[in-house]
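Top line first, the protein sequences correspond to chains A and B.
In my numbering, each residue carries its 1-based index in the first sequence increased by 3.
In my numbering, each residue carries its 1-based index in the second sequence increased by 94.
Structure, as structure tokens:
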Amino acid sequence: MDNSVTAATLDRRQLLERTLSAVGLSLALPGLDCLRADLRGPRRPTSLITLSLAGGPSQLETWDPHPGSRIGGPTKAIKTRQPDLKIAADYPRTAEVIHELSVIRSLVSLEGDHARGSYLVKTGYRPDQTLQHPSLGAILARERWDTSIEIPQHVTLGGGPAPSRGGFLGAQYDAFKIFDPGRRLSNLEPRVAPPRQSRRLEGLEFVTGIFRRGRKVATDRTQHQLTVTRALAMMNSTQLKAFRIDLDNESASTIAAYGDSPFGRGCLVARRLVQAGIRAIEVTLPGWDTHTNNFGGHQQQARILDPALAALVKDLKQHDLLDSTIVLVLGEFGRTPTVNPLDGRDHWPTGFSCLVGGGGLPAGRILGGTDPTGRKQQPTQPVSIADLFATILRRMGVEHDKEVMTPVGRPMAYCEGKPVPGLL
Amino acid sequence: MASLRRIVPLLLVALGLLVLVRSIASRPIGDVTTPQHVPSRFQDNAGVNRVNQWIENRWRIEQVTPVKPAEEINILRRLSLALHGTVPSLEELRQFETDRQPDRLKRWTQRMLGDDRFPTYFAERLSRALVGTEVGPFLAFRRDRFRAWLDKQLASDRPWDQIVTELVSASGLPTGRPATNFITITMVDGDVDQEKLAGRSIRAFLGQRIDCAQCHDHPFDPRWKQPHFQGLAAFFGAARVTALGVDDAPGRIYEVTDPGAERPREIVPAVPFGSDWLPGDGNSRQRLAAWLTHRENDRFDRAIVNRIWGLLFGQPFFSPVDDLPDPGDPDTELLSVLARDFQDHGRDLKWLIHTIAASRPFGLGSQADDATIDELNRLEAQWAIFPLVRLRPEQVIGSMLQAASIKTVDRNSHLLIRTVRFFRENDFVQEYGDLGDEELAKQTGTIPQALLRMNGRLGRDLIESNAFSASAHIARVTEGDDATCLASSFLVCLGRRPLESESRFFRKWLTETRGDRRVEVVEDIFWALFNSPEFSWNH
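Structure below.
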């Protein structure tokens, strides 16, 4: 589907508005451009793009290489635009932009299992059998809900094993899943041509009205009709173009810079979503669980991550969006300093790395450090995931320790961490 | 030549498929035996009467007037959704409508409990409380074996206490002795997670959340202290998983390291109450099982009563399902009333289902004319109205698949239909959003769900004309008879006949249509019904 406003789409939009008003649910469809999305600099509300590296990337093969040491393996380090920072040699393009971000080399957690670790890096909490905590993105979507936006306000691109969830805040804050970023938008196109679609909607309106008889309050409480209305608004929204990549809206060189991969396209869509005013976006790159062939595996991953990450930071900068967009590059844990007999590295939740920056966070900081001999398990200046999240929430103007009620009436803070002084 | 060699097998497969499909599509609607009587173990109405008395007494005290009873055909839909995970099939509905013998609903409840679909679906629902929905450790956890085992227990009427005893105390391989998956699902890095087992056992079997006491005394509930939790976890202290499966290593102990302490200390297995119920002999897990299922441990029976109530109504009698007040609490006395009867009936789950399904609250309507929010809340709080509850993803897809087929979709359905169901169900459930363990929590619908129902591939495949689809079949065989066309469409989708106003509305669409145009109209009617709140909510 092209992104121009054709007669057919306008008809559908008018049809939708008519249908909605007939149902008695007027939805003030906002203008095509909303002002807030046009703001730049500090006045612009901050967005968060999380590049979720699922499987546990090795700190030693990414942002914390120790070449020539007992634990370093064959990975080499290269200089970056930031004089005191070297990263793995597989990231030449990232080396050109990494000075815009900060590096934390001292993340610590107690979760060395994929499911538990992913839960922690999505929610900031350890798994709890009696409660599903909301993910960071869900908190942002809830706290910064923008009624002028018709498309999802919390988006996860590229699938992945543990998409961010709304948890006890409610399923309406679950990340909207885009499985094939920039290409196919599943379930957003009507299955039949406009005349039949309008007949179907008339029929739906009629039977909904019948069901509401004697159940007005109960039916409205289900929000069934409201979600259908919003879904229809989304299907007809011109804002959907933010999800599409084609040569009419992006240059060939931009598209190429992100790399020809679903993850690269996801990063480009993430930038387009930020432009559209979306606040919480996650792009997942799986494949980091290198229990065997760690070094080859990580080189392969770097060929996907390096161009996409570098292009994203550069692109945000060029669009003057980096000051209002936090970029977080994070996996569920790191990998062991020792190399196992299968030339792999295993799970290592103490002393792993992440990149974080943009959105007014300081650039060029290097926090913590790991022992190049691998003997000391604990890094210097340890930072917990909860502290990292508290920092991000604070930066985005959300009270990180705000207490909300869980469905069983148990008060629960958004985040139990404390902002990291070195990052404010 | 080479290309021909490639094409010929493909053509053969296509041809075979076509023949298969035609033969399925043209199978006549079969006749399933209608049950003639209610078995003696379910004939006794005393349990149902006690439930009704308790509820009616509450209605008097709270001064609420229950709403009118639901139509029996609607109660059949509720039963089918709860016990089989789908709406009733057209053949079942037609048989039900023509069944004029007494005790119709009771006999049909019996029939549904005797159908293969009951243990299969119920095993899936119950296993969420028992092993959660995580993927679990590779090889050590076999969800398929676990579900099949539970299916068999339910099909063979195994008493609930025996099922639980086996879950808690079984030893062996997760494949050969599937109950042991209850233990292996908790494994982290090769070790059994005693805390997780303790927390889950107490929640699933006693309906109490003591997990918070894992790290500190329960913040709101003075009943549970940290030593209580640790004492319970210690019953799993000897459990381990080796190449021979789950067993108990004599001498293995459960230890905890207190904050600030240098070395760990041993925790001795202990129970927080009812220590007389703990037998002296047997290994720790066997002793725990005996304590959990002890006849005087009211929490055990109250917990399963509350859960089965939840699986039937979509909402437990008391929420959250796993954090019940103590026995003796006046507001949940009904659970104790049912619990006693449940024990007296050999802790037979089917008896429990029968009794709840035959009680007055289950048969009430879901309409309360012009009730305000407060009035509705009061009615719902006293079970004086049937609550609107969102269907689970499996129920939605099960219902869509059933509605798209005239015949009953069950184990006897053709392999092709079952294969479609198997593959599509997983994708659909994932996209629809699985609620995981929190399946009995109150939920509203979401936008992705609405999009999936309206525009998803499954909906299209099921509604659009093909050899299986009920819509095309109905459209073609009813040419010239719009009333039957509408009645059949409403029955397969919503499990009821259209109202007069609905008939008037949709007959306009159908008038004088034939052939493909008529098929299109019926597809559009199906689409409207699939997307209505009536389809995806229990009512």
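Beta carbons: idealized from backbone N, C-alpha and C, even for Gly.
Residue-level contact to chain B via CB, GLN132/A, 8 Å cutoff: yes
query: Ends of the alpha helix (DSSP H) at PHE266/A?
result: 265-278
message: Let's test the definition: count the other Cβ atoms within 10 Å of the Cβ of ALA566/B and tell me whether it reaches 16, buried, or not, exposed.
response: buried
query: What residue does the beta strand (DSSP E) around CYS445/A start on, and which one ends it?
result: The requested residue 445/A does not occur in the structure, where chain A is confined to residues 4 to 427.
Near-chain A residues of the region 584-608 of chain B - C-beta to any C-beta below 8 Å: LEU593, SER595, GLU596, PHE599, PHE600, TRP603
task: Give every residue of the same chain whose Cβ lies closer than 7 Å to the Cβ of TRP631/B, excluding the five residues on either side of it in the sequence, and list them in chain order.
output: LEU482, VAL483, ARG484, LEU485
Stretch pair the region 86-95 of chain A + the region 292-308 of chain A: three plus CB contacts closer than 8 Å: The region 86-95 of chain A vs the region 292-308 of chain A: in contact.
- prompt: Going along the chain, which unbroken runs of the alpha helix (DSSP H) with 4 or more residues stay wholly within the region 431-483 of chain B?
  reply: 443-452, 454-457, 467-475
- prompt: Would you say ASP177/A faces chain B, with C-beta separation under 8 Å as the test?
  reply: yes
query: How big is the Cα-Cα spacing for ARG219/B and SER240/A?
result: 38 Å
message: Alpha carbons only, please: which of SER167/A, SER50/A, PRO198/A is nearest the one belonging to GLN278/A?
response: Closest by C-alpha distance to GLN278/A, out of SER167/A, SER50/A, PRO198/A, is SER50/A.
query: Given that a residue counts as buried once 16 or more other Cβ atoms are within 10 Å of its Cβ, and exposed if not, what is TRP403/B?
result: buried
message: Looking at LEU110/A: is its Cβ nearer than 8 Å to the Cβ of VAL386/A?
response: yes
message: Ignoring anything shorter than 3 residues, give me the beta strand (DSSP E) runs that lie fully in the region 372-422 of chain A, in order along the chain.
response: 406-408, 414-416
task: For TYR261/A, I'd like the list of residues in its chain whose CB is within less than 6 Å of its CB, leaving aside the five on either flank, ordered along the chain.
output: GLY267, CYS270, LEU271, ALA311, ALA314
message: Going by DSSP, what residue range makes up the beta strand (DSSP E) through HIS301/A?
response: HIS301/A -> not in any beta strand (DSSP E); alpha helix (DSSP H) instead, spanning 297-321.
- prompt: Which full runs of the alpha helix (DSSP H) of 4+ residues lie inside the region 105-144 of chain A, going along the chain?
  reply: 117-126
query: For chain A, is any of its Cβ atoms less than 8 Å away from the one on SER120/B?
result: Because SER120/B sits at a pLDDT of 41, beneath the cut-off of 50, its placement in the model cannot be relied upon, and the following sentence gives the value as read from the coordinates. Chain A, which has no Cβ nearer than 8 Å to the Cβ of SER120/B, makes this no.
- prompt: Looking at C-alpha atoms only, which residue of LEU427/A, ARG84/A, LYS180/A, TYR417/A is the closest neighbour of THR394/A?
  reply: Comparing Cα-Cα distances from THR394/A to each of LEU427/A, ARG84/A, LYS180/A, TYR417/A, the minimum goes to LEU427/A.
message: Is it buried or exposed, PHE367/B, if we count other Cβ atoms within 10 angstroms and call 16 or more buried?
response: The C-beta of PHE367/B has fewer than 16 other C-beta atoms within 10 Å across all chains shown, which makes the residue exposed.
message: So, for PRO193/A: in the same chain, excluding its five sequence neighbours on each side, which residues have a beta-carbon less than 6 Å away from its beta-carbon?
response: For PRO193/A, where only same-chain residues beyond five positions count, the Cβ hits under 6 Å are GLN200.
- request: Determine, using beta carbons only, whether ASP342/B and SER378/B come nearer to each other than 8 Å.
  value: yes
query: By Cβ distance, which residues of its chain are closer than 6 Å to PRO33/A, with the 5 residues on each side in sequence left out?
result: Caution applies to PRO33/A, whose pLDDT of 44 falls short of 50 and renders its modelled position unreliable; the model cannot decide the point.
For ARG334/B, the residue or residues it bridges with in DSSP: ASP341/B
message: So for VAL210/A, helix, strand or coil by DSSP?
response: helix
query: Exposed or buried, PRO414/A, counting other C-beta atoms within 10 Å across all chains shown (16 or more means buried)?
result: exposed
- prompt: Do the CB positions of ASN391/B and LEU418/B come within less than 8 Å of each other?
  reply: no
From ASP463/B, GLU596/B, ILE557/B, residue whose alpha carbon lies closest to that of PHE624/B: ILE557/B
message: Give me the residue from ASP238/B, GLN195/B, GLN543/B with the minimum Cα distance to PRO272/B.
response: ASP238/B
message: Quick check on the DSSP output: the beta strand (DSSP E) that includes TYR348/B runs from which residue to which?
response: 348-350
field: Euclidean distance between Cα positions of LEU331/A and GLY59/A
entry: Each residue's alpha carbon lies about 15 Å from the other.
Beta strand (DSSP E) segment containing PRO289/A, residue limits: 283-289
query: PRO424/A: which of ARG397/A, THR339/A, MET408/A sits nearest, CA to CA?
result: ARG397/A
message: Assuming ILE90/A is part of the beta strand (DSSP E), what are its boundary residues?
response: 89-91
- prompt: Quick one, are the C-beta atoms of GLY437/A and GLY420/A less than 8 Å apart?
  reply: The structure shown has nothing for residue 437/A, since chain A only spans 4 to 427.
- prompt: Which whole-angstrom value is the C-beta distance of ARG236/B and PRO268/B, which I expect to be below 8 Å?
  reply: A Cβ-Cβ separation of about 5 Å places ARG236/B in contact with PRO268/B under the 8 Å criterion.
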